[in-house]
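Number of protein chains: 2
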Amino acid sequence: MVLTTAEENYLKAIYHLSDGGTKSVSTNDVAAQIKTKAASVSDMLRKLGEKEVIEYRKYYGVNITEEGKKRALQTIRKHRLWEVFLVDKLQFAWDEVHEVAEELEHIQSPLLIQRLDEFLNYPKFDPHGDPIPDEFGDVRARPRVALIEMDIDQSGQIVAVKDSSAAFLKYLDKVGAYIGARIKVLDKVEFDGSMEILVDQKKTLFMSKDVAANILAIQS
Amino acid sequence: MVLTTAEENYLKAIYHLSDGGTKSVSTNDVAAQIKTKAASVSDMLRKLGEKEVIEYRKYYGVNITEEGKKRALQTIRKHRLWEVFLVDKLQFAWDEVHEVAEELEHIQSPLLIQRLDEFLNYPKFDPHGDPIPDEFGDVRARPRVALIEMDIDQSGQIVAVKDSSAAFLKYLDKVGAYIGARIKVLDKVEFDGSMEILVDQKKTLFMSKDVAANILAIQS
DNA sequence: TTACGGTTTTAGTCTTGACTAAAAATAAAA
DNA sequence: TTTTATTTTTAGTCAAGACTAAAACCGTAA
Ligand SMILES: [Mn+2]
Ligand SMILES: [Mn+2]
Ligand SMILES: [Mn+2]
Ligand SMILES: [Mn+2]
Chain R
6 MVLTTAEENY
16 LKAIYHLSDG
26 GTKSVSTNDV
36 AAQIKTKAAS
46 VSDMLRKLGE
56 KEVIEYRKYY
66 GVNITEEGKK
76 RALQTIRKHR
86 LWEVFLVDKL
96 QFAWDEVHEV
106 AEELEHIQSP
116 LLIQRLDEFL
126 NYPKFDPHGD
136 PIPDEFGDVR
146 ARPRVALIEM
156 DIDQSGQIVA
166 VKDSSAAFLK
176 YLDKVGAYIG
186 ARIKVLDKVE
196 FDGSMEILVD
206 QKKTLFMSKD
216 VAANILAIQS
Chain L
6 MVLTTAEENY
16 LKAIYHLSDG
26 GTKSVSTNDV
36 AAQIKTKAAS
46 VSDMLRKLGE
56 KEVIEYRKYY
66 GVNITEEGKK
76 RALQTIRKHR
86 LWEVFLVDKL
96 QFAWDEVHEV
106 AEELEHIQSP
116 LLIQRLDEFL
126 NYPKFDPHGD
136 PIPDEFGDVR
146 ARPRVALIEM
156 DIDQSGQIVA
166 VKDSSAAFLK
176 YLDKVGAYIG
186 ARIKVLDKVE
196 FDGSMEILVD
206 QKKTLFMSKD
216 VAANILAIQS
């Protein structure tokens, strides 16, 4: 059974909103994520339910099935591999890849993805630090914590961003935060939740709590 | 004005059938090429006419406009660049690329194509020997002649294939004909039009007139 | 000049994936 | 336990792109 581009996009959205299939997802949540109207979502949920990639109980939201999870992870795998390709091979900036990958992820060719993976040397993470599922849909997740959760004097390394919008990524470029940077929390301001971060042992960075909430690190 | 995937496919078909815009094209020809029904084609021709990429006179076939030619060549450029990518970078065989390129050619991103072109080192020909239009739609065509048109004792070099079907390309692989091969016509059989060809000064190849008609060479 | 065969267009239908407006169901408040 | 607010679904519509069947047109032959 084959999914259309629209169905793949819905399923991916449901997967993300459900935190990898752990939570159930409401019609309105999906509508917001996909930027469609709830009425359109209701329709699609019925169809995805019939295809048994989600379990759909009217008025009570949806849960993704095992089959659905597998399908969503395949699409996510393709999306992230293409992002790596665009950045590593075609010198795209990390804030330029998302829309293109959103299209490329729907190209149907198992051989293409297998060869692309090989060509990219089997990358484990995409340019935003998100893990790339293997061909069986297995994801090796790293324990990650938002910068905002870290305490003063704690050290670590930036490994991913929660928000992949161009606006946010460009801001990180501007201030010199990047994936792989070593960081240390110098100060947390009680009043507004903003933070002072030492980057690579040399540069001090001030960031609002909104920024700190969208940078993910591993602690060391 | 933006074209849908379907519209791009129709326009490309019309471009090819019209020999690069020189001949007018009938509804039935398009239907055969796209593998749809004439009724569907009529409908689409009306739409393409409204978008002024073709000139459509009911019952009298269509002619592609300058704007249409430009659009078609952009799609062809993308198709052929992706074919080069698949063969040169992902080790696809030349008979495996067409279907995938047929999808990839519709990805919308000028930056992607510009960077891909650069990454591939500005290739001038695709894996089947067809020229790749530049970003302005200019094609530098080589003078090519079908093998079947060559006379006994004439020499040359295989530069392209007319038929890009997997069946034909696999056959060429099997018998050892390839783009770039040096060839010489040893014999032409009056009776059935079949030919005897010397390849790379060492291997003799017998081919039917159908095969000889689909191999293109430059004479030397 | 008319009849005919082949080509093309029109008319009507279907599916997919959107939308708006209205109805129905659920959840929260009184 | 009603009432109300919010969410969700249904009903009806639309556009794109396909299809079949029927009508219209074109060019040729009688
Ligand atoms: Mn997508
Ligand atoms: Mn990403
Ligand atoms: Mn195509
Ligand atoms: Mn080609």
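One line per chain: the protein sequences are R and L, in this order. Start counting the first sequence at 6; every next residue gets the next number (our numbering). Start counting the second sequence at 6; every next residue gets the next number (our numbering). Glycine residues also receive a C-beta, built at the ideal position from the N, C-alpha and C atoms. None of the values given here were measured: they were computed from a predicted structure.
By the C-beta criterion, the stretch 113-126 of chain L is judged not to be in contact with the stretch 119-126 of chain R, since fewer than 3 inter-stretch pairs fall below 8 Å.
Residues of chain L whose Cβ lies closer than 9 Å to the Cβ of residue 112 of chain R are, in chain order, 105, 108, 109 and 112. Partner residues in the beta bridge of residue 187 of chain L, as assigned by DSSP, are L:162. Between the stretch 58-73 of chain L and the stretch 131-142 of chain L there are fewer than three inter-stretch CB-CB distances shorter than 8 Å, so the stretches are not counted as touching. When the five nearest sequence neighbours on each side are left out, the beta carbons in the same chain lying within less than 8 Å of the beta carbon of residue 146 of chain L are those of 136, in order along the chain.
Linking residue 193 of chain L to residue 212 of chain L through their CA atoms gives a straight-line distance of about 10 Å.
Counting only the Cα atoms, residue 143 of chain L lies some 12 Å from residue 76 of chain L. Scanning the stretch 170-214 of chain R from its first residue to its last, the whole alpha helix (DSSP H) runs of 4-plus residues come out as 171-180. Here residue 133 of chain R is buried. Its C-beta has 16 or more other C-beta atoms within 10 Å. Going by DSSP, residue 12 of chain L is part of the alpha helix (DSSP H) stretching over 10-22. Residue 95 of chain L carries a coil assignment under DSSP once its states are collapsed to helix, strand and coil.
Going by beta carbons, residue 151 of chain R and residue 221 of chain R fall inside the 8 Å limit.
Per DSSP, reduced to three states, the secondary structure at residue 138 of chain R is coil, with no helix or strand assignment.
Judged by beta-carbon spacing, residue 175 of chain R lies within the 8 Å limit of residue 100 of chain R, meaning their Cβ atoms are closer than that value. At least one heavy atom of ligand 3 sits closer than 7 Å to the Cβ of residue 111 of chain L. Residues of the stretch 68-102 of chain L with a C-beta atom less than 8 Å from some C-beta of chain R are 91, 94, 95, 96, 97 and 101, listed in chain order. Take the alpha-carbon of residue 187 of chain L and the one of residue 219 of chain L: they are about 16 Å apart. Leaving aside the five residues that flank residue 80 of chain R on each side, the residues in its chain whose CB is nearer than 6 Å to its CB run, in chain order, 13, 17 and 110. Shortest gap from the CB of residue 107 of chain L to any heavy atom of ligand 3: under 7 Å.
Rounded to whole angstroms, residue 61 of chain L and residue 47 of chain L show a C-alpha spacing of 10 Å. Within chain R, the C-beta atoms nearer than 7 Å to that of residue 121 of chain L come from 95, in chain order. For residue 124 of chain L, the residues of chain R that pass the 7 Å Cβ criterion are 94 and 95, in the order they occur in the chain.
Taking C-beta separations shorter than 6 Å and ignoring five residues to either side along the sequence, the partners of residue 225 of chain R in its chain run 160 and 161, following chain order.
At a cut-off of 8 Å between beta carbons, residue 174 of chain L makes no contact with chain R.
At least one heavy atom of ligand 4 is found less than 7 Å from the C-beta of residue 132 of chain L. Short of 7 Å from the beta carbon of residue 22 of chain L, and not among the five residues preceding or following it, lie these beta carbons of its own chain, in chain order: 30, 34, 35 and 38.
Residue 102 of chain L sits close to residue 91 of chain L, with the two beta carbons spaced by under 8 Å. Scanning its chain for C-beta atoms nearer than 8 Å, with the 5 sequence neighbours on each side dropped, one finds around residue 82 of chain L the residues 118, 137, 138, 139, 140 and 142, in chain order.
At a C-beta separation below 9 Å, residue 117 of chain L has these neighbours in chain R: 91, 95, 97, 105 and 109. Assignment of residue 113 of chain L by DSSP, reduced to helix, strand and coil, places it in the coil class. In the three-state reduction of the DSSP assignment, residue 125 of chain R falls in the coil class. Under the criterion of beta carbons closer than 8 Å, residue 52 of chain L and residue 6 of chain L do not qualify as touching, at roughly 12 Å.
Looking only at L:95, L:167, L:63 and L:26, the smallest Cα-Cα distance to residue 184 of chain L is reached by L:167. Taken through DSSP and simplified to helix, strand or coil, residue 102 of chain L comes out as coil.
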